[in-house]
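Note that this note's numbering has the sequence shown beginning at 8, numbered continuously upward. One structure is given below, encoded as structure tokens.
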Amino acid sequence: MMRYISLVRNISNWWLHFAVKMGFSFSDPLIFKARNNIIIEVPIRLRHEFKEIFMERCYSKGITVEVPDQPVIIDIGANIGLFSLFAASKFPGARIFSYEPIPVNFIQLKRNQDINKESRIICYQQAVSGSSGEIELHFDSSDSFTTSASITNGENQGDKIKVQCVTLPEIFRNNDIEHCDLLKIDCEGAEYDLLYNCSSEYLNLVTQMVVEVHEGKEEQHNIKSLEEYLKSCEFNTKCMDNMLWAWR
């Protein structure tokens, strides 16, 4: 029931979700309208991801520290920009920096930015990890909008692409960010390298973060180890399934 309440609260043409669910035919992509004049183009293939973010609030439901009216938000692993648009609809004055390396995803991310010109979303076609330069990502090219590109070669990820990569400190420096109110990370296993290699100088600039944690093969690549690390960096933490929230 709560997810439907969230849908009605967040989306003015909420009926579209139910119409598609009942099998009525609509053009692709679907066009949702958020309450604060944010337009959201959602390829039908990504309806589930829309539901996770706008209805189930997968990233935002564990946020503990109140986000200010004009926050600075960094979205790592932005995909087509659904969380960035969710944040823009909640905080019209937000500065949002969105990072997505996969070309097909980035094209739709940029499209969502372009149709929301009044929002302050800035998009970068870059991966984010613990070191900068060029890295190789594995993904399934038959998936029209991939949500699982990773630095390791997993099942059904027979394709690979070289992409440019930046570090979290470089994001702060390149964008003249003095403070981050909310850091969202969903980068399919790169979260460990990204956070473990980020100096305290820059982690101290983050008030709150949400990380979707992907279990890895290395000893410290699990949610418990990452939680303990963030605690050692003086964050408070809580976990729910594979989601980790940390705040000061």
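We treat Cβ as the ideally placed atom computed from N, Cα and C, and that holds for glycine.
Asked                                                                                                                                                                         : Found
Looking at residue 213 and the ligand NAP, is the gap between the Cβ and the nearest heavy atom below 7 Å?                                                                    : The ligand NAP is not part of this structure, which contains no ligands at all.
Rounded to whole angstroms, what's the CA-CA distance from residue 67 to residue 217? Just pull it up for me.                                                                 : 8 Å
For the beta strand (DSSP E) holding residue 131, just list the boundary residues, first then last.                                                                           : 127-131
Near residue 222, what residues of its chain come up, given a Cβ to Cβ distance below 6 Å and the 5 sequence neighbours on each side ignored?                                 : 229
Is it right to say residue 82 is buried, meaning 16 or more other beta carbons lie within 10 angstroms of its own, or is it exposed?                                          : buried
From 219, 239, 28 and 178, pick the residue whose C-alpha is nearest to that of residue 247; which is it?                                                                     : 219
On the three-state DSSP scale, how would you describe residue 145?                                                                                                            : strand
According to DSSP, is residue 77 helix, strand or coil?                                                                                                                       : coil
Assuming residue 31 and residue 18 make a contact with CB atoms under 8 Å, what is their CB distance in whole Å?                                                              : About 17 Å separates the two Cβ atoms, so there is no contact after all.
So what does DSSP say about residue 111, is it helix, strand or coil?                                                                                                         : helix
Quick check on residue 94: does DSSP put it in helix, strand or coil?                                                                                                         : helix
State yes or no: is the C-beta of residue 133 within less than 8 Å of the C-beta of residue 173?                                                                              : yes
Between residue 177 and the rest of its own chain, which residues show a CB-CB distance below 8 Å, the 5 nearest in sequence each way excluded?                               : 139
Out of 211, 124 and 33, which one is the CA nearest neighbour of residue 238?                                                                                                 : 211
Is the Cβ-Cβ distance between residue 94 and residue 87 less than 8 Å?                                                                                                        : no
Considering Cα atoms alone, identify which of 27, 16 and 36 is closest to residue 60.                                                                                         : 16
Alpha carbon to alpha carbon, what distance is there between residue 64 and residue 191?                                                                                      : 13 Å
If we ignore side chains and look at the alpha-carbon of each, how far apart do residue 244 and residue 28 end up?                                                            : 36 Å
Tell me where the alpha helix (DSSP H) around residue 200 begins and ends.                                                                                                    : 198-203
Enumerate in chain order the residues of its own chain whose CB-to-CB distance from residue 115 is below 6 Å, with the five nearest sequence positions on each side excluded. : 87
I need the straight-line Cα distance from residue 160 to residue 129, nearest angstrom please.                                                                                : Summary for residue 160: the model assigns pLDDT 49, below 50, so the residue's position carries little reliability, and this model does not support an answer.
In angstroms with no decimal places, state the Cα-to-Cα distance between residue 234 and residue 251.                                                                         : 7 Å
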